[in-house]
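A.B. asks: Heads up: the sequence lines are chains W, X, C and R, in that order.
Numbering follows the numbering used here, with no gaps: position 21 of the first sequence is 7.
Numbering follows the numbering used here, with no gaps: position 168 of the second sequence is 154.
Numbering follows the numbering used here, with no gaps: position 15 of the third sequence is 1.
Numbering follows the numbering used here, with no gaps: position 84 of the fourth sequence is 70.
For glycine and all other residues, C-beta sits at the position ideal for the given N, C-alpha and C.
4 protein chains.
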Amino acid sequence: MPEGRRGAVRSEAARVAILEATAALFAERGYDHLSIEGIAARAGVGKQTVYRWWPGKSALIADCLLEGMLLPDRFAVPDTGDLRADLIAWLAGVEGVLDSPTGEGLYRSLIAAASENAEVAQRLRESLADPRLFAPRLRAARDSGEVRADLPVDEVSEALIGAIMLRALARTPRDPGLPERLVDLTLGPRPS
Amino acid sequence: MPEGRRGAVRSEAARVAILEATAALFAERGYDHLSIEGIAARAGVGKQTVYRWWPGKSALIADCLLEGMLLPDRFAVPDTGDLRADLIAWLAGVEGVLDSPTGEGLYRSLIAAASENAEVAQRLRESLADPRLFAPRLRAARDSGEVRADLPVDEVSEALIGAIMLRALARTPRDPGLPERLVDLTLGPRPS
Amino acid sequence: MPEGRRGAVRSEAARVAILEATAALFAERGYDHLSIEGIAARAGVGKQTVYRWWPGKSALIADCLLEGMLLPDRFAVPDTGDLRADLIAWLAGVEGVLDSPTGEGLYRSLIAAASENAEVAQRLRESLADPRLFAPRLRAARDSGEVRADLPVDEVSEALIGAIMLRALARTPRDPGLPERLVDLTLGPRPS
Amino acid sequence: MPEGRRGAVRSEAARVAILEATAALFAERGYDHLSIEGIAARAGVGKQTVYRWWPGKSALIADCLLEGMLLPDRFAVPDTGDLRADLIAWLAGVEGVLDSPTGEGLYRSLIAAASENAEVAQRLRESLADPRLFAPRLRAARDSGEVRADLPVDEVSEALIGAIMLRALARTPRDPGLPERLVDLTLGPRPS
DNA sequence: GGCTAAGCGAGACGGTACGTCGAGTCTTGGG
DNA sequence: CCCAAGACTCGACGTACCGTCTCGCTTAGCC
C-alpha cells in the first residue's frame, strides 16, 4: 500500500511535452540558447512545472538522452560474426550523425551539456557505446585470438568515441575512411 | 608611408589585464559562471574595452590559450629517442593536469568553451598535441620499422587526446596506468 | 464571470516603493540624473518590475504627480467669496513652492519632464490649476459683473501659470508682489 | 602687442560646423537624443574640439540661439502705430512656429534645454520677446492712455509668452484666435 | 460530498548579465 | 597649440532568463 499521498498526480502529458520541447529547441538552437523559459513556453507549461521535476536544463538533456529523443539510435554494435566489420559499421553510424544538417551542432551541443552535467556525460557515452555490450564482445575476441592478446579492452571504446568527439569539437570535416582507420588503429594490424 | 591610421593606440596594459582576469576567473569558477562583466570588473576596465576587441567570452578563452595562460605547458612530446616512452610521458603530463585542484574542472571548462568556439577547439587541440610536431615523429618511426607499417599516423593523437577528453567529460577517476595502456593500444604490441 | 486572468497579482508594495523612490530621487537630484536603475535600487526592486509597468522615467513622474507625491498640494483655488483675493492667495501658494530649498529646481525638473511626456504636462497643469474648478468660478464672476464681461476665461489660468513657469525657467528671483500684479493684469483694473 | 600666445588659432570652420550640426540634429531629433558624439560626427570634428569650447550640449543650444540658428526670427514686435495690432501680429508669429512640422517639438525641446541651462532660458526669452524693445513700447502706451494706467508692464510679456509655452508643453492644438484673446486679456478691454 | 493536498498554467517578483550607447578624458600624429 | 581620430573608464540603458513565489483552478485520495 502506498503511503498516504493525496492530491493530483504528476501529469504525463506535461512531462512529455516538456521533453519534446527540450529536444526540439535543443536541435534547433543548441545547448546554450536553450532556456527553461523557452522550453516551458513551447511546451505550453508553467515554469514551475519544469522546476518541480528537474533541477535545470542539463538534467532535461539527460532525460531526453535516456528516452532516445536526441540521438537517432542506441548505436548498438551489430553482430554479424565479423567483429572488425561490426565495429566499423557501428562507428560509421556514430559518425554519420554529423551528416544531417541539424546534426551539425548536435554532438557539440551534447558535449557542452556533458561538460556541466555528469549524468549527461554518462548517458551520452552509453548511448554511443554501451560498455555492457561492447567489452564482452572484445574480450571474447581476444580470448579466441581474433585480436591480439594484449589488447587493453576497456580503452578501445574510449579511444574510438574520443576520437570522434574530438573531431566534432574541432569541426574536422567528415571523412568516409575514418571508421576503418580508427578500428585498424585500435585493434591492431589485420591478420593477413 | 603608413596608411593614415590616427587616434590613440590600443592599450597593452588593458589587453593583458583582461586576459589575466579571464584566466583567473576561468580557473576559479569555470567557463559558465564566467561573465564579461566580472572580467571587466576584475581587470579594472570598462566593458566596452572588452567588447571592442573580443566578440565574446569564448574568444577571450581562445586568446588565453594562445598565450599559454590556461594550460601549464605546451605539452610538447619529449624526445629521448624512445618514442613509446616519450608518448607515455607526454600523455601522463596531459592527464596529470587533472591532479591539480584547480585543474579538476579545467578540461571540462575548456571543452565547454571549445564546443561553442572553433578557434578554442583548434588551439586546445594544438596545445595538447601540436600536429606539426607529432606526426613527423610518428611517420619517421613508421618508416624505421619502430612501429607497425600500416599505422594511421594522423589518427593516433586524435585517439589519445580524445580518450583523455572523454574520461574528463565522464569524470572517470585518474588511472596511473592509463597513458601506457593507451599508447600500447594505438602503437600496437610492444616488440618483445 | 471575469475573463480568465491568472497568475500572481501585481504587488502593491512594489508599486508604492517605486513611486516613493522616484519622488525622493526626483526631489534630491532632479529629472535628468534620475535613472531607472537608481530608482529600482532605492526601491529594492528589480529593474524589470519597473519596466513591466512603466515605459520610462517620465511616466513614473506622471504617476507621482497623480498621487500628489511631488507637489505639496492640489493648489485648489480657495473660496472666500472674494475671487480676486482667492486667486492671489492661490497664485502665491503656487509660487511659494519656489521658496523651499528642494523646491528650487522642482518646477524646472517638472517642466523638463513635461517637455518629453504629454501626460506629465497635462497633470502638472491640472495640479497647479485644475480647469474644472477654475473656469466655473471665473465664468460666474463674469456673469455677476464682478469682472469685465469680455474676459477670455480659459486663457486666465494659462497666462497666470505660464508666467510663473517662465519665471521659474529663467531663474527670475521670487517677487512677493507678483501674484497680485499678475491677477491685476489678467482680471483687469480693480473696481475702485 | 598681444600677450605671447603660440600655436594654432581656433578654427572658425570647426566652430560653425559644430553649431550647424547641433542645430540640424536638434531640429531632427529633439533635445534629448542630442549627443555630443553625434554632433561631432555630423560636423566631421573630434569630440575634444567640442569639449574644448563648450561645456556641454545645453551650451551649444545657447550659442545656436544666439546665432539665430534655431528660431526663424528675432520675433521683434512690429511697429505700425497700433500697439494692440502689433502685439497680436507678433504673438501670432511666435505661435506660428508650431505650424511647421519640424517646429512641432521645437518649443518643447527648447524648453527642455532651458530647464537645465539658465543661459538658454534667458536667450530663449529674449528671442521671443526682447524686454528692451517690449517694455518701452508698453510704457509709452500706458503714458499716452492707449492702455489702462495701472497696467503692470513687465508682466505682460511674461504672461503672453508663458501662456504660449504652457500650451506648447501641454500639446494644446493651435488656435487662430488665441493671440487676439491673449492680448485682450493682458491689455484689458478694447476701448469702444 | 466535502476536505485537504498536490499538480497545473500563468505570470509577477528580486536579481544577474547581457550587449549597446554616450559621457567626458586622454593619447596619438599631423599642421 | 589646434585639430581629427579614436581608445579609455564609467554609468545607464532596455532585454533576456534565472529560480522563487503567489494566484485561481483542477484533480485525486481520504474521512
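How big is the Cα-Cα spacing for V142/W and R109/X?
C.D. replies: Looking up residue 142/W in the first sequence gives position 156. Looking up residue 109/X in the second sequence gives position 123. If you take the alpha carbons of V142/W and R109/X, they lie about 26 Å apart.
A.B. asks: Taking C-beta to C-beta, are I25/R and I47/R nearer than 8 Å?
C.D. replies: Mapped onto the fourth sequence, residue 25/R falls at position 39. Mapped onto the fourth sequence, residue 47/R falls at position 61. The answer is no: Cβ separation not under 8 Å.
A.B. asks: Interface residues of chain X around M151/W at Cβ under 7 Å?
C.D. replies: What you label residue 151/W is simply residue 165 of the first sequence in a count that begins at 1. Near M151/W (Cβ distances below 7 Å), the residues of chain X are G148, M151, L152.
A.B. asks: Does the contact criterion of 3 or more C-beta pairs under 8 Å hold for the stretch 131 to 138 of chain W versus the stretch 156 to 175 of chain X?
C.D. replies: Yes: at least three Cβ pairs fall under 8 Å.
A.B. asks: Tell me the rounded alpha-carbon separation between A190/W and R153/X.
C.D. replies: Because chain W spans -13 through 178 in this model, residue 190/W falls outside it and cannot be assessed.
A.B. asks: Relative to the C-alpha of R70/R, which residue among A126/R, Y93/R, P58/R, E90/R is closest?
C.D. replies: What you label residue 70/R is simply residue 84 of the fourth sequence in a count that begins at 1. It is A126/R whose Cα lies nearest to the Cα of R70/R.
A.B. asks: Please say whether R157/R and A104/C have beta carbons closer to each other than 8 Å?
C.D. replies: For this step, residue 104/C is matched to residue 118 along the third sequence. For this step, residue 157/R is matched to residue 171 along the fourth sequence. Their beta carbons are under 8 Å apart, which means A104/C touches R157/R by this criterion.
A.B. asks: Going by the CB atoms, is the gap between S113/W and L168/W shorter than 8 Å?
C.D. replies: Locating residue 168/W in the first sequence gives position 182, counting from the first residue. Locating residue 113/W in the first sequence gives position 127, counting from the first residue. No, these two residues do not count as a Cβ contact at 8 Å.
A.B. asks: In this structure, does DSSP put W39/R in helix, strand or coil?
C.D. replies: As a first step, residue 39/R must be located in the fourth sequence, where it is residue number 53. In the structure shown, W39/R sits in a helix (DSSP, three-state: H, G or I).
A.B. asks: Below 8 Å on C-beta distance, what does R94/R contact in chain C?
C.D. replies: Position 108 of the fourth sequence, counted from the first residue, corresponds to residue 94/R. The contacting residues are S101, E102.
A.B. asks: Kindly give me the distance between the Cβ atoms of E102/W and D18/X, rounded to whole angstroms, as I take these residues to be in contact under 8 Å.
C.D. replies: Your numbering for residue 102/W matches position 116 in the first sequence. Your numbering for residue 18/X matches position 32 in the second sequence. The pair is a contact, with the Cβ atoms about 6 Å apart (cut-off 8 Å).
A.B. asks: Which term fits T8/C, buried or exposed, when burial requires 16 or more other beta carbons within 10 angstroms of its beta carbon?
C.D. replies: Against the third sequence, residue 8/C aligns to sequence position 22. The residue is buried, with at least 16 neighbouring Cβ atoms inside 10 Å.
A.B. asks: In angstroms, rounded to a whole number, what distance separates the CA positions of D85/C and A(-6)/R?
C.D. replies: Here residue 85/C is taken as the residue at index 99 of the third sequence, counted from 1. Here residue -6/R is taken as the residue at index 8 of the fourth sequence, counted from 1. So the two alpha carbons sit approximately 49 Å from each other.
A.B. asks: Who are the Cβ neighbours of P(-12)/R in its own chain at under 7 Å, not counting the five residues just before and after it?
C.D. replies: Numbered from its first residue, the fourth sequence carries residue -12/R at position 2. Unreliable positioning characterises P(-12)/R in this predicted model, as indicated by a pLDDT of 48, which lies under 50. The coordinate reading is nonetheless provided below. So the list is empty, once near-sequence residues are dropped.
A.B. asks: Exposed or buried, P87/W, counting other C-beta atoms within 10 Å across all chains shown (16 or more means buried)?
C.D. replies: One-based indexing of the first sequence puts residue 87/W at position 101. Per the 10 Å Cβ criterion, exposed.
A.B. asks: Could you name the residues of the stretch 57 to 87 of chain R whose beta carbon sits closer than 8 Å to any beta carbon of chain C, in the order they occur along the chain?
C.D. replies: Listed by position, the residues of the stretch 57 to 87 of chain R near chain C (Cβ gap below 8 Å) amount to none.
A.B. asks: If P165/W and I97/W are in contact, beta carbons under 8 Å, what's the gap, nearest whole angstrom?
C.D. replies: For this step, residue 165/W is matched to residue 179 along the first sequence. For this step, residue 97/W is matched to residue 111 along the first sequence. No, P165/W and I97/W are not in contact; Cβ-Cβ is about 19 Å, not under 8 Å.
A.B. asks: Does the Cβ of R94/C have 16 or more other Cβ atoms within 10 Å, making it buried, or fewer, making it exposed?
C.D. replies: Residue mapping note: residue 94/C aligns to position 108 of the third sequence, counting from 1. With 16 or more Cβ atoms within 10 Å of its Cβ, R94/C is classed as buried.
A.B. asks: Tell me whether the beta-carbon of T35/R lies closer than 8 Å to the beta-carbon of A0/R.
C.D. replies: The count along the fourth sequence starts at 1 and reaches residue 35/R at position 49. The count along the fourth sequence starts at 1 and reaches residue 0/R at position 14. In contact: T35/R and A0/R (Cβ atoms closer than 8 Å).
A.B. asks: Can you pull the chain X residues whose beta carbon is under 7 Å from the beta carbon of E141/W, in chain order?
C.D. replies: On the first sequence, residue 141/W is found 155 positions in, with the first residue counted as 1. Those within 7 Å of E141/W in chain X are A149, R167, L168, L171.
A.B. asks: Which residues in the same chain as S44/C place their Cβ atom closer than 7 Å to its Cβ, once the five residues preceding and following it in sequence are excluded?
C.D. replies: Taking the first residue of the third sequence as position 1, residue 44/C is located at position 58. Result list for S44/C: A99, E102, N103, V106, in chain order.
A.B. asks: So is R111/R in contact with chain C if we call contact Cβ pairs under 8 Å?
C.D. replies: Within the fourth sequence, numbered from 1, the residue matching residue 111/R stands at position 125. For R111/R, the answer is yes, since a Cβ of chain C falls inside 8 Å of its Cβ.
A.B. asks: Taking the CB atoms as reference points, tell me whether D72/R and V63/R lie closer together than 8 Å.
C.D. replies: Residue 72/R sits at position 86 when you count from the first residue of the fourth sequence. Residue 63/R sits at position 77 when you count from the first residue of the fourth sequence. Contact flag set, yes.
A.B. asks: Can you tell me whether DSSP reads L57/X as helix, strand or coil?
C.D. replies: To locate residue 57/X, count along the second sequence from 1; it is residue 71. Residue state, collapsed to three classes: coil.
A.B. asks: Taking CB distances under 8 Å as the criterion, tell me whether I22/W reaches chain X.
C.D. replies: Within the first sequence, the letter at position 36 stands for residue 22/W. False, the Cβ-Cβ gap to chain X never drops below 8 Å.
A.B. asks: Can you round the beta-carbon distance between G148/W and A145/X to whole angstroms, since I take them to be within the 8 Å contact cut?
C.D. replies: Counting from 1 along the first sequence, the entry for residue 148/W is found at position 162. Counting from 1 along the second sequence, the entry for residue 145/X is found at position 159. Right, their Cβ atoms sit about 7 Å apart.
A.B. asks: Give the secondary structure of Y17/R by DSSP, where H, G and I count as helix, E and B as strand, and everything else as coil.
C.D. replies: Locating residue 17/R in the fourth sequence gives position 31, counting from the first residue. In this structure, Y17/R counts as coil in the three-state DSSP scheme.
A.B. asks: Would you mind working out which of R(-8)/X, G163/X, D170/X sits nearest A78/X, comparing C-alpha positions?
C.D. replies: One-based indexing of the second sequence puts residue 78/X at position 92. For the residues R(-8)/X, G163/X, D170/X, the minimum Cα distance to A78/X belongs to G163/X.
A.B. asks: Once DSSP output is grouped into helix, strand and coil, what is the label at T8/C?
C.D. replies: The count along the third sequence starts at 1 and reaches residue 8/C at position 22. Here T8/C sits in helix by DSSP.
A.B. asks: Using three-state DSSP, classify L69/C as helix, strand or coil.
C.D. replies: Residue numbering aside, residue 69/C sits at position 83 when the third sequence is read from its first letter. L69/C falls in the helix class under three-state DSSP.
A.B. asks: Taking Cβ positions only, does G174/W come closer than 8 Å to chain X?
C.D. replies: Numbered from 1 along the first sequence, position 188 holds the residue referred to as residue 174/W. Yes - at least one Cβ of chain X is within 8 Å of the one on G174/W.
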